[in-house]
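Enquirer: According to the UniProt record's numbering, the sequence shown holds residues 1 to 751 in order. The beta-carbon is built from N, C-alpha and C at its ideal position, and this holds for glycine as well. Note that the coordinates shown come from a computational prediction; the quantities given were computed from them, not determined experimentally. Below you'll find the structure I mean.
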Amino acid sequence: MNEPYREEVEGFYTSDLKKQPGEKVNAWPCMARSSSSSGVCFSFLCVFLCLSLLCQAGNLLGHPQCLDYGPPFQPPFHLEFCTAYENFGCCDQEKDNSIAAKYWEIMDYIDPQGHKLCGRYIKDILCQECSPYAAHLYDAENPQTPLRNLPGLCFDYCSEFHFNCYSAISLLTGDKHIQECCETNKTRFCNLLNLHDKDYCFPNVLKNTDLNHNLGSVVEDRKGCLQLCLTEVANGLRNPVTMVHANDHTHRMFVAEQVGVIWVYLPDGSRLEEPFLDIKTIVLATPWVGDERGFLGLAFHPKYKYNGKFYIYYSYMDKKRVEKIRISELKVSASDINKADPHSERNLLELEEPAANHNGGQLLFGVDGYMYIFTGDGGKAGDPFGTFGNAQNKSALLGKVLRIDVDGKSTTGKPYRIPPDNPFVSDAKARPEVYAYGVRNMWRCAVDRGDPVTGKGRGRLFCGDVGQNKFEEIDIIVKGGNYGWRAKEGFECYDTKLCHNSSLDDILPIFAYGRNVGKSVTGGYVYRGCESPNLNGLYIFGDFMNGRLMALQEDEKTNKWKKQDICIGNTKACAFPGMISSYSKFIISFAEDEAGKLYFMSTSYPSAYAPHGYLYKLVDPARRAPPGKCKLKPVPVKTKSKRIPFAPRAKTILELLNEPPTTQPPGKSSSTGVTRTSSSKKAKTTPSSKIKASTLKPTSAGKKTQKIKAKDKPKPKQKGKVTKVPKPTPAPSSTKKNLRITRTKKLLHRK
């Protein structure tokens, strides 16, 4: 298409033409009038070309989407005018009132008979801005496609409207040349409003059972896989092991790398050039693929806003070359809110690690204000330490969930206090710090914020516990609970003798899965954010080794948990601006920000020194919160360090759809990560993620890891009469000019 033709085509879609008043504008090529046969042929040729453009725009498969490119929503208040969309659509009360005002302004120019004949049509057409498929109706799914003035109408409906109310066209669009072209030519007008996909034109879109079945619910494919989308948030990270917020209303995100560096990310997506904390020289980390040692945990004090305290968990080697775990307290710098004071470190607890694996690493504060520490069982395979292993030995701190009060000191000189209601404070054979035991190597735990309305679930502690060689499990931590290891693994016995003698009161997982599903669980979060209300109550987690994302939903009647796979990158469901189609395979950790949005971190090469880590945000493409409900007002932060703007590396789905097809050389792959479009498909990996077994450290089973394996026509009525011609009507009110522009864990195989 040559450039002059493109400019003329845009005239149909936009009402704000860039011409001087009184200057003739050839806004649509098929509007050229000529008495010659060549002129007629040119007009038909133009219609053909225009339809070709519309068909090209229709190549993006339709999905629920509004004119602002976001998913539809449930209006918080009753809609008085466009009532067909009061349960789900793209209009809130303010937008509904705006459309109603536009309607009555138009109807002021129509006589009483026209009111009766044309009122319904005009209302229907105007209200398509509220349709959950508004973007498709207006060709707005692709930002590179010019926006229509009028929605796509099915031909029969359009013909009926034109027969009865053709004079109303001038009231619905201010483009005079469209008026001249189409007020007297029904076929041309309806061809222009035609959509390539007949299922999506109005009113067919209302009758299509496939399009309206479970509209607004989380989309599932035929196998029950939940269709979610991703946005890239950060990249270039060296095995990002955790991301936390300080709960200080600044909405900053603190991302920690396994090597011992914590970065500050601001609400605008930029990263500060200078790190919050850098203790690389202290942290014990190696470039070996799968090495579990390093910086492993970070938690901010519940009153960080006032006391500036935070806590870290990392591996280090003492002067005697003994490997240990250290949990310590630090403070923020008095001169810079975005810098920690490295000289403020106060050691709280040190544990000797008998092996290089199973180092635990989670720190978090419960709703009770106490700090919970999750330690591994000491490593090797099968917890071989002592008669019953570390995990079952309540006098050892390994293989445990510990709970301490960091705001006090004990009478014995410890730099923390023991909560008086800890379950074993009266047991002389147990360490008073122990809150729960019998855990193998819990990797990534989280506190449930609770339902935002009812508060149900608030305070529950969810953990992923990595299995030995059969099962991975998800647990809810309870005070005094025995989680079975090493007697049990998942729901089955591991050590037969211990298992037969174990208590019937052992706490079983809420869910466990075998090697056919994954090999190394990464615990996640219960979604409680505002942006994606459909996800409320879903526990979302993953598997490090195969890159699988999963979700658990609780049945409130039976208290059983049902697992569903999560599929990412579906080009139909996720064809929104900014969404990407793949992610790096090795899922290291999950996170939530201050607003409750959910993220995960992964890498294509799990080495502590390899800068191949990414941070992704999960998005539900089916439904969002109403506009304004989730609006954030971060407390401003003064920055002394240079801000580095975010530069995404992954191509978005819309960019990929608009790319011309390329021929890939034999044996080459352009994949940058996992594209999970079906739970039955294997994850794709980059060549760098095909890691040689010889580069891996021996696992807990004493063997080297195997190679990581790498979508009846209505009867016309009498015509209505228009008595006046109003001023040109602007384009859809929700559309701005800019819319028209060409538009380790197992760091880790913790086995």
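May I ask you to report which of helix, strand or coil DSSP gives LYS186?
Expert: Here residue 186 refers to the residue found at position 186 when the sequence shown is read from its first residue. Helix, per DSSP.
Enquirer: Could you give the residue range of the beta strand (DSSP E) that holds GLY236?
Expert: Taking the first residue of the sequence shown as 1, we reach residue 236 at position 236. Segment 226 to 237, the beta strand (DSSP E) holding GLY236.
Enquirer: Please return the same chain residues whose Cβ sits closer than 7 angstroms to the Cβ of TRP104, not counting the five positions on each side in sequence.
Expert: Working through the sequence shown from its first residue, we reach residue 104 at position 104. Counting only Cβ-Cβ distances below 7 angstroms, and skipping sequence neighbours, we find nothing.
Enquirer: Looking at the secondary structure, which residues open and close the alpha helix (DSSP H) in which GLU473 lies?
Expert: Residue mapping note: residue 473 aligns to position 473 of the sequence shown, counting from 1. GLU473 -> not in any alpha helix (DSSP H); beta strand (DSSP E) instead, spanning 471 to 477.
Enquirer: Given 8 angstroms as the limit, is there contact between the segment 175 to 193 and the segment 238 to 256, that is, 3 or more CB pairs closer than that?
Expert: Counting Cβ pairs under 8 angstroms, fewer than three are found: no touch.
Enquirer: Look at the alpha carbon of ALA610 and the alpha carbon of PRO287, and state the distance between them as a whole number of angstroms.
Expert: Taking the first residue of the sequence shown as position 1, residue 610 is located at position 610. Taking the first residue of the sequence shown as position 1, residue 287 is located at position 287. Cα to Cα, the separation comes out at about 8 angstroms.
Enquirer: Report the CB separation of PHE541 from PHE590 in whole angstroms; it is logged as a contact under 8 angstroms.
Expert: Taking the first residue of the sequence shown as position 1, residue 541 is located at position 541. Taking the first residue of the sequence shown as position 1, residue 590 is located at position 590. PHE541 to PHE590, Cβ: 7 angstroms. Contact.
Enquirer: Given this structure, state the Cα-to-Cα distance separating PRO302 from LEU615, to the nearest angstrom.
Expert: Here residue 302 corresponds to residue number 302 of the sequence shown, with the count starting at 1. Here residue 615 corresponds to residue number 615 of the sequence shown, with the count starting at 1. Cα to Cα, the separation comes out at about 24 angstroms.
Enquirer: Between CYS158, ASN235, GLU433, which has its C-alpha nearest GLU183's C-alpha?
Expert: Position 183 of the sequence shown, counted from the start, is the residue given in the question as residue 183. It is CYS158.
Enquirer: Where DSSP assigns a beta bridge to VAL264, which residues make up the other side?
Expert: Position 264 of the sequence shown, counted from the start, is the residue given in the question as residue 264. Its beta-bridge partners are PHE254.
Enquirer: Any C-beta of chain B sitting closer than 9 angstroms to the C-beta of GLY224?
Expert: Among the chains in the structure shown there is no chain B, since it carries only a single protein chain.
Enquirer: By Cβ distance, which residues of its chain are closer than 7 angstroms to LEU508, with the 5 residues on each side in sequence left out?
Expert: On the sequence shown, position 508 is the one that residue 508 refers to. Result list for LEU508: PHE491, in chain order.
Enquirer: On a CA-only basis, which of CYS181, GLY269, LYS123 is nearest VAL233? Give me that one, please.
Expert: Your numbering for residue 233 matches position 233 in the sequence shown. If we check each option's Cα against that of VAL233, GLY269 comes out closest.
Enquirer: Strictly by DSSP, which residues pair up with TYR614?
Expert: Against the sequence shown, residue 614 aligns to sequence position 614. BP columns for TYR614 point to SER602.
Enquirer: In angstroms with no decimal places, state the Cα-to-Cα distance between GLN392 and PHE424.
Expert: Here residue 392 is taken as the residue at index 392 of the sequence shown, counted from 1. Here residue 424 is taken as the residue at index 424 of the sequence shown, counted from 1. Rounded to whole angstroms, GLN392 to PHE424 spans 14 angstroms at the Cα level.
Enquirer: What's the C-alpha gap between SER38 and ASN149?
Expert: Here the question's residue 38 lines up with position 38 in the sequence shown. Here the question's residue 149 lines up with position 149 in the sequence shown. Confidence in SER38 is poor, its pLDDT being 40 and thus under 50, which makes the residue's placement too unreliable to answer from.
Enquirer: Say whether the segment 370 to 379 touches the segment 439 to 452, bearing in mind that this needs 3 or more beta-carbon pairs closer than 8 angstroms, one atom from each stretch.
Expert: The segment 370 to 379 vs the segment 439 to 452: in contact.
Enquirer: For ALA340, which residues of its own chain have a beta-carbon under 8 angstroms away from its beta-carbon, when the five flanking residues on both sides are left out?
Expert: Indexing the sequence shown from 1 puts residue 340 at position 340. ILE262, PHE276, LEU277, PHE310, LEU330, LYS331, VAL332, SER333.
Enquirer: Quick test of the definition: if touching needs 3 or more C-beta pairs under 8 angstroms, does the segment 278 to 298 touch the segment 214 to 231?
Expert: Segments in contact, no.
Enquirer: Between PHE42 and ASN185, what straight-line distance do the alpha-carbon atoms span, to the nearest angstrom?
Expert: Here residue 42 is taken as the residue at index 42 of the sequence shown, counted from 1. Here residue 185 is taken as the residue at index 185 of the sequence shown, counted from 1. With a pLDDT of only 39 at PHE42, under 50, the local geometry of the prediction cannot be trusted, and the value read off the model is given with reservation. Straight-line Cα distance between these residues: approximately 16 angstroms.
Enquirer: Who are ARG326's beta bridge partners in DSSP?
Expert: On the sequence shown, residue 326 is found 326 positions in, with the first residue counted as 1. DSSP output for ARG326 lists TYR314, GLU350 as bridge partner(s).
Enquirer: In whole angstroms, what is the alpha-carbon distance linking ASP712 and ALA140?
Expert: Walking along the sequence shown from the start, residue 712 turns up at place 712. Walking along the sequence shown from the start, residue 140 turns up at place 140. Unreliable positioning characterises ASP712 in this predicted model, as indicated by a pLDDT of 37, which lies under 50. The coordinate reading is nonetheless provided below. Roughly 30 angstroms separates the two Cα atoms.
Enquirer: What residue does the beta strand (DSSP E) around ARG444 start on, and which one ends it?
Expert: Sequence index remark: in the sequence shown, residue 444 carries index 444 (1-based). 442 to 447 is the span of the beta strand (DSSP E), which, as asked, contains ARG444.
Enquirer: What's the C-alpha gap between SER76 and ASN482?
Expert: As a working note, residue 76 is residue 76 in the sequence shown. As a working note, residue 482 is residue 482 in the sequence shown. Note that residue 76 is Pro in the sequence shown here, rather than Ser. Between PRO76 and ASN482, the C-alpha separation is close to 45 angstroms.
Enquirer: Please confirm whether GLU86 and ASN97 have their CB atoms less than 9 angstroms apart.
Expert: Residue numbering aside, residue 86 sits at position 86 when the sequence shown is read from its first letter. Residue numbering aside, residue 97 sits at position 97 when the sequence shown is read from its first letter. Result no, Cβ atoms of GLU86 and ASN97 do not sit closer than 9 angstroms.
Enquirer: If we count the other Cβ atoms within 10 Å of its Cβ and call it buried at 16 or more, is TYR306 buried or exposed?
Expert: The sequence position of residue 306 within the sequence shown is 306, counting from 1. So TYR306 counts as exposed.
Enquirer: With distance defined between alpha-carbon atoms, name the residue in ARG515, VAL517, ILE566 nearest to TYR539.
Expert: Numbered from 1 along the sequence shown, position 539 holds the residue referred to as residue 539. The shortest Cα separation from TYR539 among ARG515, VAL517, ILE566 belongs to ILE566.
Enquirer: When DSSP builds the beta bridges, which residues end up paired with CYS463?
Expert: Within the sequence shown, the letter at position 463 stands for residue 463. According to DSSP, CYS463 bridges with CYS445, ASP475.
Enquirer: Output yes or no for whether 9 angstroms exceeds the beta carbon distance between LEU461 and GLY366.
Expert: Position 461 of the sequence shown, counted from the start, is the residue given in the question as residue 461. Position 366 of the sequence shown, counted from the start, is the residue given in the question as residue 366. Result yes, Cβ atoms of LEU461 and GLY366 sit closer than 9 angstroms.
Enquirer: According to DSSP, simplified to helix, strand and coil, what is VAL205?
Expert: Looking up residue 205 in the sequence shown gives position 205. Three-state DSSP puts VAL205 in a helix.
Enquirer: Starting from the C-beta of ASP451, find all residues in its chain whose C-beta is less than 8 angstroms away, skip the five residues before and the five after it, and write them out in chain order.
Expert: In the sequence shown, the residue the question calls residue 451 occupies position 451. Cβ neighbours of ASP451 beyond the five flanking positions: GLY457, ARG458, ARG528, ASN536, GLY537.
Enquirer: How is the beta strand (DSSP E) around ILE404 delimited, first residue to last?
Expert: As a working note, residue 404 is residue 404 in the sequence shown. That run of the beta strand (DSSP E) goes 400 to 404.
Enquirer: What are the residues that DSSP puts in a beta bridge with MET107?
Expert: For the purposes of this step, residue 107 is taken as the residue at position 107 of the sequence shown. None; MET107 has no bridge partner.
Enquirer: Bridge partners of THR365, per DSSP?
Expert: Here residue 365 is taken as the residue at index 365 of the sequence shown, counted from 1. In the sequence on display, residue 365 carries Phe and not Thr. Paired residues: MET371.
Enquirer: Given 8 angstroms as the limit, is there contact between the segment 626 to 635 and the segment 548 to 567, that is, 3 or more CB pairs closer than that?
Expert: Cβ pair count under 8 angstroms is below three, so no.
Enquirer: Can the beta-carbon of CYS91 be found closer than 9 angstroms to that of CYS130?
Expert: As a working mapping, residue 91 is identified with position 91 in the sequence shown. As a working mapping, residue 130 is identified with position 130 in the sequence shown. The answer is yes: Cβ separation under 9 angstroms.
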